[in-house]
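J.:
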Amino acid sequence: MLRTHTCGELNGKDFDRDVVLTGWVAARRDHGNLIFIDIRDREGITQVVFNPETNKALHKQAEALRSEYVVQVDGKVHMRLEGTINKKLPTGEIEVVASKLTILNTSQTPVFEIADDADLSEDVRYVYRYLDLRRPKMQKNLLLRHRVCKIMRDHFDEKGFIEVETPILTKSTPEGARDYLVPSRVNKGKFFALPQSPQLFKQILMISGLDKYFQIAKCFRDEDLRADRQPEFTQLDIELSFVDEKDIFTLVEGVMQKIFKETLKLELKIPFDILSYDDAMSRFGCDKPDRRYGLELVDLTEELEGCGFKVFSDVIASGGIVKAILLPRPKEMPRSRIDALTEFVKSIGLKGLAYFKIGAKGPEGPVAKFFTDEEKEIITKKADGAPGDYIFFAGSDKFLCNEALSRLRTRLAREEGLIDKTEQDFLWVNDFPLFKYNQEEKRWESEHHPFTAAHDKDLQYLSKDPGRVRSRSYDLVLNGVELGSGSIRIHRKDMQEKIFNVIGMDKKEAEERFGFLTRALGFGAPPHGGFAVGLDRLVAILCGCDSIREVIAFPKTQRAISPLTQAPSIISEKQLNELGLNIKD
RNA sequence: GGGGACGUAGCGUAGCCGGCUCAACGCAUCAGAUUGUCGAUCUGAGGAUCGCGGGUUCGAAUCCCGUCGUCCCCGCCA
């Protein structure tokens, strides 16, 4: 070992100890006589002193030190003088008086200061990611990520789970997201795909009798990026045999409880609430509601059928709905804010934003005159409005109405500061529809994925009214973020074939793409189900970061490139030729 | 595929919306000073032709067009 201690561990108890420290020069304070050097490593910072009176040659050597030089310092731990103790540092009561200095490596002037509060653009950070990752905050993020993974592995090990690796080079099954493709040299003209998730393999492991599987798995999707979406990401992937929803909820709640306790020292209340998809949509207009604030949607469709306000009565007559949000006593609601909110919902697709201001004598505002006194009273009562409150209305088709009000709800909560950041709102949303209709392709497709089981009592609608079939799927939502999803799977071959049929896959196509799964289902597949947690999102929330790029060591930019390595890159003629991909041929 | 914000010394920004102190500020860098600092301090110095290309103009960082890049959002993400 080049060192006896790290830069974060020495304190008064180590007084007079001979030590050797290694690390990077974080700061140099040259007083002409005394030179102070802060040495930084992963664990912290320790001050080293060079005194010309005790060792002139050594002091001379220290004058050459610059930022980010890598050094090894031999010395003795001294207590700091009265009044020079640095309370901000865990090592602040001591300093190391150097007796020997070895410069292990020099460094170019760092492109930016290695400090948590450094204000940097992301492209610069990614080109010099190794410098960016030297910042204590980034190291903390990666360390937390490691801890979360460790807790997960320990937890599932204790519960009898086996971690199994599934292939990265696998088969393209283009349903939903686009696959990343890898050409095969040995099989010219054929391609592997990188997995979008280990879904099919984990189901096959259940058929193999593995019983309880988990994996911290890399997944790949060739889709456009967002703050919470990278082309490669990590999920905690779980699958169990002989279980129902409840078992899986309990299992996931247990690991979440442990993670929050051991990282944030937060005691989560379990079990988490369960909300059906229908209820979530009706109350929040959204399948991943943030319940840290109220502002629930109020459905007024029934009440306003044939009402005096023609815009709404027409919407309802043509099959649309009218819903409202009550905003209790907003701080300010000048005309400009109303206009901004109106523009906002218009950009989502609404024609406009009707509103009431509730005054002492009842609702006021530009549209109030179109409603009868009775209608106004009913609305106010149903929305539970009081003087000073505002009610915002949206009338349109169901989808748009929910979408617009859900986003308006989020915006109002943010603007009004209604979000309690100290709260963690976990929620299960279940009973999603099994299918959704794809207008463009004129066919039903899976809402979740085609291996999701339906509720037994809804099976009667499978061929007549697929939109009515609810699935045994569930999402885990944390503070309005979709943290993970899962389902009880289909374990019967005939049922799986039926589902492929509903989504318009004929026998031949189903055989080509998923034959390996259906065949396996024919050999005694146990009832099984599972779940997957987005690790990047979970860790980002634990770290308090807005983007998952803050918790991924080497992320990609929005154009899906790596500024550090310049990947993806052009490959050589020779490589193309070997793969049989050279277009010139 | 679409909408928005941004792009000026190594880094972060001002100047741009009223074109003619063509370049300012902070940090960093370099030199000198400094026995106790800890985001050290003081003095001084060097460093950008304003993402790139084209246009308008006597004259452009500043206006126009195109293009490239970064970020946010919509679509997309079974």
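Under my numbering, the first residue of the first sequence is numbered 47, with each subsequent residue one higher. Glycine is no exception: its CB is placed at the ideal position from the N, C-alpha and C atoms.
1) Identify, in the order they occur along the chain, each residue of the same chain with its Cβ nearer than 8 Å to the Cβ of residue 388, setting aside the five sequence neighbours on each side.
2) So, is residue 302 buried or exposed, given that buried needs 16 or more other C-beta atoms within 10 angstroms?
3) If we ignore side chains and look at the alpha-carbon of each, how far apart do residue 64 and residue 161 end up?
4) What would DSSP say about residue 72, mapped onto helix, strand or coil?
5) Quick test of your reading: residue 625 and residue 231, contact by CB under 8 Å. State the CB separation rounded to the nearest angstrom.
6) Counting C-beta neighbours from all protein chains within 10 Å, is the total for residue 282 16 or more, i.e. buried, or is it exposed?
7) Between residue 74 and residue 81, is the Cβ-Cβ spacing less than 8 Å?
8) Pull up the CB-CB distance for residue 435 and residue 374, whole angstroms please, since I reckon it's below 8 Å.
9) Span of the beta strand (DSSP E) holding residue 144?
10) Given 7 Å as the limit, tell me if residue 347 has its C-beta closer than that to any heavy atom belonging to the ligand PLP.
11) Mind checking which residues open and close the alpha helix (DSSP H) that includes residue 622?
12) Note down, one range per segment and in chain order, each beta strand (DSSP E) of at least 3 residues found wholly within the region 126-214.
13) Going by C-alpha to C-alpha distance, which of 219, 198, 52 and 184 sits closest to residue 559?
14) Looking at the structure shown, is residue 271 part of a helix, part of a strand, or coil, going by DSSP?
15) So if DSSP puts residue 441 in a beta bridge, which residue, or which two residues, is it bridged to?
16) Between residue 187 and residue 597, is the Cβ-Cβ spacing less than 8 Å?
17) Exposed or buried, what is residue 609 when buried is set at 16 or more other beta-carbons lying within 10 Å of its beta-carbon?
18) Does the count of Cβ pairs from the region 252-262 and the region 204-211 closer than 8 Å reach three?
19) Is residue 334 near residue 575, with beta carbons less than 8 Å apart?
20) Please tell me whether residue 91 and residue 83 are closer than 8 Å, where the distance is taken between their beta carbons.
21) Between the region 496-507 and the region 321-331, do at least 3 Cβ pairs fall closer than 8 Å?
22) Identify whether residue 50 lies in helix, strand or coil by the three-state DSSP scheme.
23) Can you round the beta-carbon distance between residue 253 and residue 478 to whole angstroms, since I take them to be within the 8 Å contact cut?
24) Of all the options 126, 470 and 516, which has the alpha carbon lying nearest to the alpha carbon of residue 523?
25) Can you list, in chain order, the residues of its chain whose CB lies under 8 Å from that of residue 327, leaving out five sequence neighbours each side?
26) List the whole-angstrom C-beta distance separating residue 592 from residue 276, where the pair is believed to meet the contact cut-off of C-beta under 8 Å.
27) Leaving out the 5 sequence neighbours to the left and right, which residues in its chain are closer than 8 Å to residue 131 when beta-carbon positions are compared?
28) Taking just the CA atoms, how far does residue 128 sit from residue 113?
29) Would residue 331 and residue 246 qualify as a contact pair, given that the criterion is a beta-carbon distance under 8 Å?
30) State whether the region 509-517 contacts the region 359-379, with contact taken as three or more CB pairs (one from each stretch) at a distance under 8 Å.
31) Mind checking residue 614: buried by the 16 CB within 10 Å criterion, or exposed?
32) Under 8 Å by Cβ, that's how I've got residue 191 and residue 585 pegged, so tell me the actual separation to the nearest angstrom.
33) Consult DSSP for residue 631 and reduce its assignment to one of helix, strand or coil.
34) Sorted by chain position, which residues of the same chain lie with C-beta nearer than 7 Å to residue 198's C-beta, five sequence neighbours on each side aside?
T.: Answer, in terms of the structure:
1) 398 and 399
2) buried
3) 29 Å
4) strand
5) 5 Å
6) buried
7) yes
8) 5 Å
9) 140-151
10) For the ligand PLP, the structure offers nothing, since it holds no ligand at all.
11) 619-625
12) 140-151
13) 219
14) coil
15) 368
16) yes
17) buried
18) yes
19) no
20) no
21) no
22) coil
23) Not a contact, Cβ separation roughly 25 Å.
24) 470
25) 333 and 448
26) At roughly 14 Å, the Cβ-Cβ gap does not stay under 8 Å, so residue 592 and residue 276 are not in contact.
27) 138 and 139
28) 28 Å
29) no
30) no
31) exposed
32) 5 Å
33) Low confidence applies here, because residue 631 scores a pLDDT of 46, under 50, leaving its location unreliable and the question unanswered by this model.
34) 262, 282 and 301
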